[in-house]
Structures are given as structure tokens and as C-alpha cells.
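Asks: Quick one: structure below, then a few questions.
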Amino acid sequence: MITGFVNVEFEPIIPLSIRRADGKVFTQDAIVDIGFNGWLSLPPDLITQLNLTWKRRGRAILGDGSKCVFDVYEAVVIWDGTPITIRVDEADSKLLVGMSLMEGYQLTIQVFEGGQVELRKVGTV
Numbered sequence: 001m002i003t004g005f006v007n008v009e010f011e012p013i014i015p016l017s018i019r020r021a022d023g024k025v026f027t028q029d030a031i032v033d034i035g036f037n038g039w040l041s042l043p044p045d046l047i048t049q050l051n052l053t054w055k056r057r058g059r060a061i062l063g064d065g066s067k068c069v070f071d072v073y074e075a076v077v078i079w080d081g082t083p084i085t086i087r088v089d090e091a092d093s094k095l096l097v098g099m100s101l102m103e104g105y106q107l108t109i110q111v112f113e114g115g116q117v118e119l120r121k122v123g124t125v
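Residue numbering for the sequence shown follows full-length UniProt numbering, beginning at 1 and increasing consecutively.
Following this line, the structure appears as C-alpha cells:
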């Protein structure tokens, strides 16, 4: 199970660990974004700091209907205790965990400042 909290801005926050190119693990708080169907988005400066591997260009239609082109990288994250290789979209935003990374999990959020956030793999007690 992955646990986090709701911050003062009512954002559901979970810790996310990403393996850098040199093998060291970098952990930072990430926002759970149910409106983002990708895996993970990171800002350019963090992608550079982690020295992630560039894979290709991507395209998306944003919530306001505008279109954007962005770089796509590959990263290893420690997800629920297991290292997995995922796609990372570059975006000028905070760290966002998307629905693709949460696939197979139940998300529970207590919606008040300091409330608990839980991601529990479906089928586990």
C-alpha cells in the first residue's frame, strides 16, 4: 500500500521514488492527478537532474482543448516497493502521478487538510 496526505491546497500527495541514472534513489512528494491519464510528468529541471533517458516526442490535448508537444523519457520508479520502468512526460508543472501508474489500485482520499491518501492494490486486504 502507498500512503500520503492531503496538503493545504487540497492536493493528494504521495511520496515517489525515482532511480537516477547512477542508481541512487531520489524521493520527492508527487501530486495524484486523476485528470492525467499518463504515467508520470516531471519538470525539465528534475529530468535533467535525474539524467533520464530521452525516448521520443509526444502529443496531447490538454483539459482546455489546446494541443501540446512534449518530450518523453524513461525512468525507473519504486512503486509499492517494486522497481518498474515507466514513461515520463516532460511538463512545466509539479510532479504528477497519472492514472496509468495507478492502474490496478484503489485510490481513497480523505478530502480535508491533513487527510489520508491511500493507494491499495486491488485484490489485497
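For every residue, glycine included, the Cβ atom is placed at its ideal position computed from N, Cα and C.
To the nearest angstrom, report how far apart Ile13 and Asp29 are at their CA atoms.
Replies: 6 Å
Asks: Determine, using beta carbons only, whether Val76 and Asp89 come nearer to each other than 8 Å.
Replies: no
Asks: In angstroms with no decimal places, state the Cα-to-Cα distance between Ser41 and Asp92.
Replies: 9 Å
Asks: Reducing DSSP to helix, strand and coil, say where Pro44 ends up.
Replies: If DSSP states are grouped into helix, strand and coil, Pro44 belongs with the helices.
Asks: Grouping DSSP H, G and I as helix and E and B as strand, with all else coil, what is Leu50?
Replies: helix
Asks: Return the bridge partner residues of Leu96 from the DSSP annotation.
Replies: Note: Leu96 is bridge-paired with Ile31, Ser41 in the DSSP secondary-structure output.
Asks: Residue 126: which of Ile47, Glu74, Ile109 sits nearest, CA to CA?
Replies: Residue 126 lies beyond the range of the chain shown here (1 to 125); nothing can be said about it.
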